[in-house]
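Enquirer: Its first residue numbered 5, the sequence shown is counted upward by one per residue in our numbering.
What follows is a structure written as structure tokens; I'll ask about it next.
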Amino acid sequence: MEEEKLSITVDVTLRGGKFFYDLMAKRGMNMDEIISVLCGGLALSIRSKETPELQGQTLRDVIGHLESEFVNVDSFSDIELKK
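This is the structure:
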């Protein structure tokens, strides 16, 4: 089976108290692949917590953060997608 390395880089700039994200992915990756890779990395980060209790709390914190991003209409007001 042939291996293919997928790579995503996340750069974050803090400006005026706001985080500005720049995601760069290997050419040809579609949005579903990018989301899958980022979710896998996030899951590994959560699993790195020492106990199931800490893993559960971290997962709840992540879900809460995602919910707050989608509730706040300003979070994505300046999104720009380049393909």
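Beta carbons are placed, not taken as given, at the ideal position from N, Cα and C, and that holds for glycine.
The structure displayed is predicted, hence computed values, not measured ones.
1) What residue ranges within the segment 5-78 form continuous beta strand (DSSP E) runs of no fewer than 3 residues, ordered along the chain?
2) For V41, which option in R19, Q59, L10, F24 has the closest C-alpha, if you only look at C-alpha atoms?
3) Alpha carbon to alpha carbon, how far is I38 from R51?
4) Whole angstroms is fine: what's the gap from F74's alpha carbon to G68's?
5) Check whether the Cβ atoms of V66 and L46 sit closer than 8 Å, and answer yes or no.
6) Whose C-alpha, out of F23, M5, G21, M28, is nearest the C-alpha of V14?
Expert: Reading off the structure:
1) 12-19, 22-29
2) Along the sequence shown, one-based indexing puts residue 41 at 37. With distances taken between Cα atoms, V41 lies closest to L10.
3) Stepping through the sequence shown from its first residue, residue 38 is reached at position 34. Stepping through the sequence shown from its first residue, residue 51 is reached at position 47. Going from the Cα of I38 to the Cα of R51 covers about 20 Å.
4) Translated into the one-based positions of the sequence shown, residue 74 becomes position 70. Translated into the one-based positions of the sequence shown, residue 68 becomes position 64. Cα-Cα distance, rounded: 10 Å.
5) As a first step, residue 66 must be located in the sequence shown, where it is residue number 62. As a first step, residue 46 must be located in the sequence shown, where it is residue number 42. Yes; because the gap between Cβ atoms is below 8 Å, this pair is in contact.
6) Reading the sequence shown from its first residue, position 10 is the one you call residue 14. Among F23, M5, G21, M28, the Cα nearest to that of V14 is on M28.
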